[in-house]
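Novice: Chains as they are written, first to last, in this note's numbering: chain S, 2 to 116; chain H, 7 to 119.
Below is a structure I'd like to ask you about.
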Amino acid sequence: NAGVTQTPKFQVLKTGQSMTLQCAQDMNHNSMYWYRQDPGMGLRLIYYSASEGTTDKGEVPNGYNVSRLNKREFSLRLESAAPSQTSVYFCASSRRRGQGNEKLFFGSGTQLSVL
Amino acid sequence: QKEVEQNSGPLSVPEGAIASLNCTYSDRGSQSFFWYRQYSGKSPELIMFIYSNGDKEDGRFTAQLNKASQYVSLLIRDSQPSDSATYLCAVNIPSGGSYIPTFGRGTSLIVHP
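So this is what it looks like as C-alpha cells:
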C-alpha cells in the first residue's frame, strides 16, 4: 500500500503565482487534513475534511483553499503565493470521522519556497 | 495560549538515561493523546497513543496520562542516539461533533554518546 501520497515534494514559486498541492490516500479513510510546519511551530492545521463532501477551516486558513475531490483526494491551493507561505506542508488522513481515538497517517511532505 | 503546550527544548540526555517529555492541553473534552516522532526532513511517525488515565508501556517507551491535571508525558528508557529527533504531542480536541488532531510545537531531543 502506498498510504498517503503527496505531490510535488519540492516547489519554488514567485510571489503571486498559484499552485495546487495534491494528496491522495488509498486506505479508504474518511478524514483528511492539511498541515503546515514552520521551524519551532509544530504542525498547524490549515484545513480539514471530516468526510467526503465537507471541508472546514483550521487554525491558519488564510491564503489557502481546498477541494475534497472524492474520498481519496484532498488538494490544497495557493491562489496568490506569498513569502509567508514558505513552509513544509503535510497531508494526513485518519480512518473515521468524529472518532476521538483515530491516529493520523502522514504523507512525505512538500517543501515550498515562495520568493 | 496554544491548546497543546510543549517545551521546545532541546532536551539533552546521555546515552542510556531516561528522557522525559511533557505536554499539557487546555480542553478537558480532549479524548485521545498521541506521541509522534519526527526525524529531520521526514514526516511524523506515531510511536505511542493513550486514551485512559495511567501508564501505557511499549518497549522502551511509556506514555503517562493524567486527565485531572491535563497532562501527558512520554518516557524513553535506555535512550539511544537514534532516539534523537523532535517529539510531537498531539491531542484530539472536540470541535463541532468531530475531533481535530492538534499538535504542540514539539520537543527536540538530543541523546549524546
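Each residue gets a CB set at the ideal place from its N, CA and C atoms; glycine is no exception.
1. Of the choices H:V97, H:P100, H:P107 and H:Q86, whose alpha-carbon is the least far from that of I116 (chain H)?
2. For S46 (chain H), name the three-state secondary structure that DSSP assigns.
3. Apart from the five residues on each side of it in sequence, which residues of its chain come closer than 7 Å, Cβ to Cβ, to R111 (chain H)?
4. Please classify N98 (chain H) as buried or exposed, where buried requires at least 16 neighbouring CB atoms within 10 angstroms.
5. Rounding to the nearest angstrom, what Cα-Cα distance links K73 (chain H) and G60 (chain H) in this structure?
6. From I56 (chain H) to K8 (chain H), what distance separates their C-alpha atoms?
7. Quick one: residues in its chain with C-beta nearer than 7 Å to the C-beta of R83 (chain H), no 5 flanking neighbours on either side, listed in chain order?
8. Give me the chain S residues within the contact set of R43 (chain H), using Cβ-Cβ distance strictly less than 9 Å, ordered along the chain.
9. In the DSSP output, which residue or residues are listed as bridge partners for S94 (chain S)?
10. Count the other CB atoms, across all protein chains shown, that sit within 10 Å of the CB of V13 (chain S); report buried if there are 16 or more and exposed otherwise.
11. Starting from G112 (chain H), find everything on chain S with Cβ-Cβ shorter than 7 Å and list it in chain order.
Specialist: To lay it out plainly:
1. H:Q86
2. coil
3. Q12 and S14
4. buried
5. 9 Å
6. 21 Å
7. I24 and R66
8. Those within 9 Å of R43 (chain H) in chain S number zero; the least Cβ separation is about 12 Å.
9. S:M33 and S:F106
10. exposed
11. G43
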